[in-house]
Each structure stands twice: as structure tokens, then as C-alpha cells.
Amino acid sequence: MRIPVVAATHRAAIETAFQSGIDAASAATYALFPKATEPQLVWGLFSAGIASWGADLKAILVPHGITVRVGGVFCHSTPMVKFRGMMGHAVELGDLLVIIRAKDGNDEWRSALLFQSKKQSIGSRLPPGDQLKLLREWPRFEYVNGTLAGEWRKVYPGPHRGAQYHIIDVAKRVLTPCPDIWSRQLSPGFPIQAFSSCLAGMLSGSEGRFFGVGHGRGTHRGWSRVVWDLLRETGRLDASKYPGGGNRRQLSFLVGGFSNEFLVEIDPAWAGVKLESEEPPPKESDARAVEGNFGGIPTIIVDLEYEEGMA
76 MRIPVVAATH
86 RAAIETAFQS
96 GIDAASAATY
106 ALFPKATEPQ
116 LVWGLFSAGI
126 ASWGADLKAI
136 LVPHGITVRV
146 GGVFCHSTPM
156 VKFRGMMGHA
166 VELGDLLVII
176 RAKDGNDEWR
186 SALLFQSKKQ
196 SIGSRLPPGD
206 QLKLLREWPR
216 FEYVNGTLAG
226 EWRKVYPGPH
236 RGAQYHIIDV
246 AKRVLTPCPD
256 IWSRQLSPGF
266 PIQAFSSCLA
276 GMLSGSEGRF
286 FGVGHGRGTH
296 RGWSRVVWDL
306 LRETGRLDAS
316 KYPGGGNRRQ
326 LSFLVGGFSN
336 EFLVEIDPAW
346 AGVKLESEEP
356 PPKESDARAV
366 EGNFGGIPTI
376 IVDLEYEEGM
386 A
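In case it helps, this note's numbering puts the sequence shown at residues 76 to 386.
Take a look at the structure:
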């Protein structure tokens, strides 16, 4: 496949592009919220980061015959789970999902990274607790909200490259080019690196964890099933376009550019729904909304397709 080769060749430029969007997101968030919370920082990625990433990645990849769509689903909810031996009643499975979908003719691969934000002083240890146990050991867990409530899942191994913390440096605020801001602290094998470096690595296939085509139904086990759980819960919630979803308009909506083909794969009800070439970013009021309990997760999708003869 040509896409990961091109992405690896232009890794430095792609990392710079991601960092530029991250800086824009950081500035937009802290201008409105001087004491920004983790959910508000995620909001900033949708408010300012996605548009910046889309423009810069197109400038790098389109000359090589690769079309680029960067979009996402912004929502005020996170998937909550429980497992045996917990200290509390439930814990977040994650608060940001990043998906890379790359297509080259009949070849296609998808990669996912599930992030859990944590405001922390760099150099300090992550506190012990349910969140750390979940991402380090991946015990069998059960969903407690959304349409999947009561269903259990088991993912191997633990830890794995599909889920990690991103550390928000309290002293430096967040999202600067320093390699100690968004770090991985689950395993000695997970090197500390900048969030932008991690995202750039996803495009070349060196970061994240691959997941399969299809919903993985019929099994309770495996990373692919969990990723499709989250996509299915999130991808059907845009009330401004999704049939019959009017009561959820303030909770979830599309942002940026999208492949309708992928949305239909997530939920067939998207077939025939007209999408704008660029869906508008969330508003300031969306960052202040009360979090819902419907099981979705803020999801960013980078959709890449190589077309022969376009370079």
C-alpha cells in the first residue's frame, strides 16, 4: 500500500502539521477556559484542530495522489465500564478515539487509538486506581451506559498499543511541541513522545492498533469488537442528519470532512444522507454543555485514499 510509505517518507512534515493543529486547539481552549478541563481540551481539538489538520495534511499528501478527509463526531459522553475488583463503581474506557482509515484500490486498513486524558505534572507518577488497572491489565469488563449496558468484553493483551494515556502537563498547560506532554506511561515498552508524533505514526502504521473490517458481532472478545462498539454507539447520534434522532441534537454532531461510505458501514441508516463537504466546528456553548450518558465517545477520523494517476 502506498499511503503508509508516503506518510513515513514525510513523517516530519506530517508531525509538524499535527502539532500546528494541536497548538491552535490549545490556544482556542485556553482563551475561553483559563482552567480548562480534560473534556474542554478535547473540545478544542474539534473546534480548531480538525480544520487545521485537514488543510495541512492535504497540502502534504494530495500532491502524492492521496485524498484527505479529516472529521469526527463530537459528543458529550464517554463509555463507562466496570470490572471485578474495582475500587469505585465505574470508570471511563477512554475520552477520545482516533481512527485512521487508509484505502488503496482494493486494499484497506484501519487503525485505532483510544486515549484517556490525564492532567498531571510531568515527572510525577500516575496514581494507582481503576483507570490505571484497566489500561494496564485489560481485565474482562462490562459496559454500564449506552445501548451496550450489561454486555461484557475481553481484550488481549494488556497493555496494548491501541489504548494509552495522554498526559496534559499542568505547568506548561497543554499541547506544546515538547515530547513530555502527551506521553505513554503504561509500559516501559511504550516510549514517551509528543501527541503529534503519535498521530503522525498512525498514518504510517507504526502507532495505534489495527482493527478489522466489519462489526465483529458474534464475539465478546477482541480489540476490533471494542472499536466497533464505540463507533456504533457514537456514529448514530447526529440528530441534525440522522433519521429519528432529534432529541439528541445538543449531544452529538459531525465535524469536518467525512467518508459517507465509512458512516454507512458504521450504521446503515446513514445511506442516502447528504453530507456537507465540511461540517462546521462545535461552538463555545458546546464546550459548556452537561455531559450525557449515552455511551458515545468523541471520535476523530482521518480518512485517506490513494487514487492511481492523481499524483
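Where is the CB? At the ideal position from N, CA and C, for every residue including glycine. Since the model is a prediction, treat every value here as computed from it, not as a measurement.
Asked, Found
"Suppose the cutoff is 7 Å on Cβ atoms and the five residues either side in sequence are ignored; what does the same chain contact list for K110 look like?", "none"
"Please classify T374 as buried or exposed, where buried requires at least 16 other C-beta atoms within 10 Å of its C-beta.", "buried"
"Which class does K358 belong to by DSSP, given the choice of helix, strand or coil?", "coil"
"My output table needs one value for F333: the three-state DSSP class, helix, strand or coil.", "coil"
"In angstroms, rounded to a whole number, what distance separates the CA positions of A87 and A269?", "13 Å"
"Can you say whether M19 is buried or exposed, counting buried as having 16 or more other CB atoms within 10 angstroms of its CB?", "Outside the modelled stretch of the chain, which goes from 76 to 386, sits residue 19, for which no answer is possible."
"With a 10 Å radius around its C-beta and 16 neighbouring C-beta atoms as the bar for buried, classify S122 as buried or exposed.", "buried"
"On the criterion of 16 or more Cβ atoms from any shown chain inside 10 Å, does R215 qualify as buried, or is it exposed?", "exposed"
"Put A187 into one of helix, strand or coil per three-state DSSP.", "strand"
"Beta-carbon separation of G310 and W345 under 9 Å?", "yes"
"With distances taken from CA atoms, which of A126, V117, V81 and L306 is nearest P355?", "A126"
"Considering only the beta carbon of each residue, do L107 and A362 sit closer than 9 Å?", "yes"
"Using alpha carbons as the reference points, say which of F333, P343 and V339 lies closest to E351.", "F333"
"With 16 as the cutoff for other CB atoms within 10 Å, does M162 come out buried or exposed?", "exposed"
"By the DSSP assignment, the beta strand (DSSP E) with I89 in it spans what residues?", "First-last for I89: R86 to L107, but that is the alpha helix (DSSP H), not the beta strand (DSSP E)."
"When the Cα of E380 is compared with those of I175, F158 and L210, which residue comes out closest?", "I175"
"On the three-pair Cβ rule with 8 Å, is the segment 129-144 touching the segment 89-97?", "yes"
"Less than 9 Å between the beta carbons of L171 and R284, yes or no?", "no"
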